[in-house]
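Step one of this worksheet: look at the structure below.
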Amino acid sequence: MQHPYFGALDTSDQDGTDVIWERDLELAGQPVDVALWANEELALDPAQLDAFAKLLEDLPQLDTNARGFLTAELNEDDDFIAYHTDEVENFPALAAIAPNGEIAIDDFVRAMRLCHIGLWCDGVVVLDYQIDPDHSDQILAVKLDMHGALKDVSWES
């Protein structure tokens, strides 16, 4: 299949679910790894690819919306923040903005870095955010539908 944004996409040699397209995009001067995952059993849907492309073409807006979902989630359950601030000395990027181990939710979300975006063949977009990627493998994953509506926010590692 040829797509205007993703280019030539081929799933003919696939065995299971695998990355069929990958690119580094830039957001606020930082690289964001983006991967399109496809499954040999599901045909690529041009409308779904168009929706993914539309989200990526306005990456700053996608990020802003996802951070709003993160803020709402952390206002409901701040365990992710507590995990990091309880041992702030182990997370230099966080220690720089919260030297006493206390930080407002809005400041914490602003400091998080979007590291990876997964575009999944079932129509799910997953944005992985980390507070200190060099020192923590903990992720808050914002899961959206292909139009950017929230499905879930989950803590992963």
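Start counting the sequence shown at 8; every next residue gets the next number (this note's numbering). We put the beta carbon where it would ideally sit given N, CA and C, even for glycine.
Since I believe residue j is in contact with residue i (beta carbons under 8 Å), could you give me their beta-carbon distance rounded to a whole number of angstroms?
| i | j | result |
| --- | --- | --- |
| W44 | L126 | 7 Å |
| D139 | F98 | 4 Å |
| A60 | Y12 | 4 Å |
Mapping the DSSP letters down to three states, classify residue i as helix, strand or coil.
| i | result |
| --- | --- |
| T18 | coil |
| Y90 | helix |
| G75 | helix |
| D165 | Any answer about residue 165 is impossible in this case: the structure gives the chain only from 8 up to 164. |
| E48 | coil |
| Q145 | coil |
| I104 | helix |
| P11 | coil |
| E29 | strand |
| E80 | helix |
| E64 | helix |
| E96 | helix |
| P53 | helix |
Got a sec? Which residues, its chain only, sit under 7 Å from residue i by beta carbon, not counting five neighbours each side?
| i | result |
| --- | --- |
| L157 | F76 and L151 |
| D159 | K150 |
Output needed for residue i: all residues of its chain with C-beta closer than 8 Å, excluding positions within five of it in sequence on either side, in chain order.
| i | result |
| --- | --- |
| T92 | L101, A105, G108, E109 and I110 |
| G14 | W28 |
| I112 | T78, L81, N82, D85 and I88 |
Measure the CB-CB distance between residue i and residue j and report whether it falls below 8 Å.
| i | j | result |
| --- | --- | --- |
| L49 | V39 | no |
| G155 | L56 | no |
| H123 | D135 | yes |
| E47 | T18 | yes |
Ordered along the chain, which non-local residues of its own chain (more than five positions away) have a Cβ less than 6 Å from that of residue i?
| i | result |
| --- | --- |
| V116 | R74, L77 and T78 |
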